[in-house]
Amino acid sequence: MHNLVTRDHVDQFQRDGVTLIKGLWADHVETLRAGVARNMADPGPYAAENLHKGEAGRFFDDYCNWQRIPEFETVIRKSAAAEVAADLMQSRSTQLFHDHVLVKEPGTSKPTPWHQDGPYYFVSGRQTVSFWSPLDPVTEASLRCVAGSHLWDKPVLPTRWLSEENFYPDEDAYMPVPDPDAEGMTILEWQMEPGDAVAFNYDILHGARGNTTDQRRRAFSLRMLGDDARYVTRPGRTSPPFPGHEMQEGQRLREDWFPVLFER
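According to numbering that gives the first Met the number 0, the sequence shown holds residues 0 to 263 in order.
Structure, rendered in structure tokens:
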């Protein structure tokens, strides 16, 4: 295993679906900050402002920009993230899915809603991992993950963050979004330094607190796939949509769009 990963990390990731990797991008923080600045100055087609009119602060997010933001591609290809992902997933290979930037400016009290990433994606499989890494010290505005929720029998209904509309029409196939605090679920969260990373399975229920501090909270996320990940159709437009991909049910994601970054 990579020297950032211990057996305890792997065991916790497999059991709880989430673990903390200290210093995953410690050597790349300034590069990622430069990439986030470039991204915010030149947003991509999926960029969003996730606040209603009159809500304080700013909550910016954007994804699928690694091919046009050179700082992101450099870190994705040169860092240890792909090898660490393979260790955690217990996979022979690691394939890139996409990048994601989330920025909460000071005074942004709105939390990130509870959700699972998996139902938004056209991917199925147990070998998946997202890295969520703050580029600023994080105390209050940390990521919060419900331990073991990647093993639930039924996925959580995906909704649109601003309109709160359902993503897909067949609600019976999904469970309503729970309230983990009210329901006494085991929530894991950490105070983090720039370059630390929370690693979590795509099917983990997670959210994040608002940023009521006077400091920015920039976060870079990277989504990876393992050996068993396959394309699956959903009952509506997925997010990200990747129009024109031409993949069929059960196929491994096409490597010219989703490159293999690490292979044992």
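Even glycine gets a Cβ: it sits at the ideal position worked out from N, Cα and C.
Environment of residue i [buried if 16+ CB atoms lie within 10 Å]
i: Ala218; result: buried
i: Gly243; result: exposed
i: Glu182; result: exposed
i: Lys77; result: exposed
i: Lys103; result: buried
i: Arg67; result: exposed
i: Glu29; result: exposed
i: Ala40; result: exposed
i: Pro133; result: buried
i: Arg159; result: exposed
Distance between residue j and residue i (C-alpha atoms, nearest Å)
i: Pro136; j: Ala198; result: 17 Å
i: His1; j: Glu82; result: 7 Å
i: Leu264; j: Val122; result: There is simply no residue 264 to check, as the chain begins at 0 and stops at 263 in what is shown.
i: Glu188; j: Glu254; result: 34 Å
i: Phe59; j: Gly22; result: 24 Å
i: Gly43; j: Ala146; result: 33 Å
i: Leu50; j: Asp226; result: 37 Å
i: Val231; j: Ser92; result: 20 Å
i: Tyr62; j: Gly235; result: 19 Å
i: Pro157; j: Tyr119; result: 6 Å
i: Phe166; j: Pro110; result: 20 Å
i: Phe257; j: Leu95; result: 5 Å
i: Glu164; j: Tyr201; result: 21 Å
i: Leu31; j: Met223; result: 18 Å
i: Glu48; j: Gly209; result: 14 Å
i: Glu170; j: Asp26; result: 44 Å
i: Leu204; j: Tyr45; result: 22 Å
i: His8; j: Ala33; result: 30 Å
i: Trp151; j: Leu142; result: 20 Å
i: Asn64; j: Thr5; result: 31 Å
i: Asn125; j: Pro154; result: Reading the sequence as shown, one finds Arg at residue 125 and not Asn. Near 13 Å, if we compare the C-alpha coordinates of Pro154 and Arg125.
i: Val35; j: Val100; result: 7 Å
Under the three-state DSSP convention, the category residue i falls into
i: Met191; result: strand
i: Thr301; result: Lying outside 0 to 263, the shown extent of the chain, residue 301 is not represented and no answer is given.
i: Asn38; result: helix
i: Pro133; result: strand
i: Met174; result: strand
i: Met264; result: Residue coverage of the chain in this structure runs from 0 to 263, which leaves residue 264 outside it and unanswerable.
i: Ile265; result: What the structure shows of the chain is the stretch from 0 to 263, and residue 265 is not part of that stretch, so it cannot be assessed.
i: Pro112; result: strand
i: Gln94; result: strand
i: Met223; result: strand
i: Val231; result: coil
i: His51; result: coil
i: Glu82; result: helix
i: His149; result: helix
i: Tyr62; result: strand
i: Gly56; result: coil
i: Gly249; result: coil
Please give the ranges of any beta strand (DSSP E) in the segment 5-32, keeping only runs that are unbroken, at least 3 residues long and fully inside the region. 17-20
Kindly confirm or deny that the segment 244-251 and the segment 171-180 touch, where touching means at least three C-beta pairs closer than 8 Å. no
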